[in-house]
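Colleague:
In our numbering, the protein residues as written are 263 to 360.
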């Protein structure tokens, strides 16, 4: 699956006064992003869905880290070991889950 970008082209109807015309325009993309948190020691890992938020694709890892910090779910940046996309086989939303 191709990673979504922050914008997409679409045909739109532009109206100016009494005139209208079909044109191509660039629109912002908005997609859901699920934030999951994996905790526990080796052999005892647990995955928890923390939140689903709408966002414009791009800077997903920074958004997830900022969310976890501002919501008090983690206390410090160093509490985050890694942030990556969840790429479970068969899931079509591979770039919408971190």
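Think of the CB as a built atom: it goes at the ideal place given N, C-alpha and C, for glycine as much as any other residue.
With a floor of 3 residues, list each beta strand (DSSP E) that falls wholly inside the region 300 to 355, ordered by position along the chain.
Modeller: 308 to 317, all fully within the region 300 to 355.
Colleague: Quick one: what's residue 278 bridged to in DSSP?
Modeller: 281, per the DSSP bridge assignment.
Colleague: Assuming residue 250 contacts residue 294 under a Cβ cut-off of 8 Å, what Cβ separation, rounded to an integer in Å, is found between them?
Modeller: Within the shown structure, residues of the chain are numbered from 263 to 360, placing residue 250 beyond reach of any answer.
Colleague: For a test of the three-state rule: what should DSSP assign to residue 265, helix, strand or coil?
Modeller: Here residue 265 sits in coil by DSSP.
Colleague: Classify residue 293 as helix, strand or coil using the three-state DSSP reduction.
Modeller: Correct three-state label for residue 293: strand.
Colleague: So which of 356, 274, 342 and 359 has the shortest CA-CA distance to residue 283?
Modeller: Residue 283 has its Cα closest to that of 274, out of 356, 274, 342 and 359.
Colleague: Keeping to the same chain, check which residues put their C-beta closer than 7 Å to that of residue 288; ignore five residues upstream and five downstream.
Modeller: So the list reads 269 and 271, once near-sequence residues are dropped.
Colleague: Give me, in chain order, the residues of the same chain whose beta-carbon lies closer than 8 Å to that of residue 325; leave out the 5 immediate sequence neighbours on both sides.
Modeller: Counting only Cβ-Cβ distances below 8 Å, and skipping sequence neighbours, we find 295, 315 and 317.
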